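Colleague:
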Amino acid sequence: AERNPGPYCLKTWPCNGDYQCRIDCSTMYNGEGHCKYVTAIYAPHTCICKYKC
Numbered sequence: 001a002e003r004n005p006g007p008y009c010l011k012t013w014p015c016n017g018d019y020q021c022r023i024d025c026s027t028m029y030n031g032e033g034h035c036k037y038v039t040a041i042y043a044p045h046t047c048i049c050k051y052k053c
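Under the UniProt record's numbering, residue 53 is the last one in the sequence shown; the count climbs by one each step, no gaps.
1. Give me, in chain order, the residues of the same chain whose beta-carbon lies closer than 7 Å to that of Lys-11; leave out the 5 immediate sequence neighbours on both sides.
2. Give the DSSP bridge partners of Cys-47, in chain order.
3. Since Pro-14 and Pro-44 should fall inside the 8 Å C-beta cutoff, what is the C-beta to C-beta distance between them, to a whole number of angstroms?
4. Give the DSSP bridge partners of Tyr-29, in chain order.
5. Using the Cβ count rule (16 or more neighbours within 10 Å means buried), how would you classify Cys-25?
Next comes the structure, spelled out in structure tokens:
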């Protein structure tokens with residue numbers, strides 16, 4: 001197995017919860033998604049989806 005599987009791409013969209021983020025990322029891009037929670041009170045959370053390009 002390769003140690004470095006190659007370049008990754010990122011997609012982001014508004015987070016609807018960690019679970020939904022993971023499901024959407026896996027379904028649409030076969031990737032791994034997680035929500036990034038920012039410290040600003042009014043800033044929306046972001047789902048970050050990392051997948052192989």
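Glycine included, each C-beta is placed from N, C-alpha and C at the ideal position. Quantities reported herein were computed from a predicted structural model and do not represent experimental measurements.
Modeller: With the structure as the only source:
1. Within the sequence shown, residue 11 is the residue found at index 11, counting from 1. Within the same chain, Lys-11 has close Cβ partners Tyr-29 and Cys-49.
2. Here residue 47 corresponds to residue number 47 of the sequence shown, with the count starting at 1. In DSSP, Cys-47 forms a bridge with Trp-13 and Cys-35.
3. By one-based count along the sequence shown, residue 14 stands at place 14. By one-based count along the sequence shown, residue 44 stands at place 44. Indeed, because the Cβ distance is near 5 Å, the residues count as touching under 8 Å.
4. For the purposes of this step, residue 29 is taken as the residue at position 29 of the sequence shown. None, per the DSSP bridge assignment.
5. The residue you call residue 25 lines up with position 25 of the sequence shown. Looking at its Cβ environment, which holds 16 or more other Cβ atoms inside 10 Å, Cys-25 is buried.
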